[in-house]
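Student: One structure, as C-alpha cells, below. Some questions next.
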Amino acid sequence: MKITEEPRYLTAGRPAPDDPDSLIVTRAALAASFAIGVDSPSGRYDILWGVYSIAVVGLGSGTRARSRAWFDLWTALDAAEQQLRTRIAEVEPPS
1 MKITEEPRYL TAGRPAPDDP DSLIVTRAAL AASFAIGVDS PSGRYDILWG VYSIAVVGLG
61 SGTRARSRAW FDLWTALDAA EQQLRTRIAE VEPPS
C-alpha cells in the first residue's frame with residue numbers, strides 16, 4: 001500500500017477553560033489517498049486506488065473515544081476531503 005498524496009485533515013474543539021488562546025481538540029478526521037496492488041486467486045493483478053478516511057470523536061473528554069473508517073475506492077482526495085466535515089459530525093460521541 002502506498003500513500004499517494006499529502007493527507008488532508010480536519011479538527012474541531014472547544015476553548016481551553018484556563019487559556020482562551022488554546023483549543024482542546026474533541027474531534028479529528030483524516031483522509032489519505034492510497035494505491036494498493038492486489039493479486040486474485042486466478043493470478044490477475046490489479047491496482048486499487050482511492051481514499052482511506054477516519055473520524056475520531058470524544059477526544060479530550062476523559063472517556064473512551066469512538067471512531068469510524070471509510071475506504072472509498074475510485075474516489076479523488078479532493079472529493080473525500082469535502083466529505084470530512086459531514087463524516088466528523090456523523091460519528092456519535094461516546095456516552
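If you read the sequence shown in full-length UniProt numbering, its first letter stands for residue 1, the second for the next number, and so on.
Think of the CB as a built atom: it goes at the ideal place given N, C-alpha and C, for glycine as much as any other residue.
#1: Write down the C-beta distance between Tyr52 and Ala32 rounded to the nearest angstrom, noting that I regard them as a contact closer than 8 Å.
#2: Once DSSP output is grouped into helix, strand and coil, what is the label at Leu59?
#3: Return the residue from the list Ile3, Ser40 and Arg66 that minimises the CA-CA distance to Pro94.
#4: Per DSSP, which residues does Ala12 bridge with? Please list them.
#5: Decide if the segment 14-28 is in contact with the segment 36-49; the criterion is three or more beta carbon pairs, one per stretch, under 8 Å apart.
#6: Alpha carbon to alpha carbon, what distance is there between Phe71 and Glu5?
#7: According to the Cβ coordinates, are Leu59 and Arg8 closer than 8 Å?
#8: Excluding the 5 residues preceding and the 5 following Thr11 in the sequence, name in chain order all residues of the same chain whose CB lies nearer than 6 Å to its CB.
Tutor: Quick look at the numbers:
#1: 5 Å
#2: coil
#3: Arg66
#4: Arg27
#5: With a cut-off of 8 Å, the segment 36-49 and the segment 14-28 do not count as touching, because too few Cβ pairs lie within range.
#6: 16 Å
#7: no
#8: Val25 and Ala28
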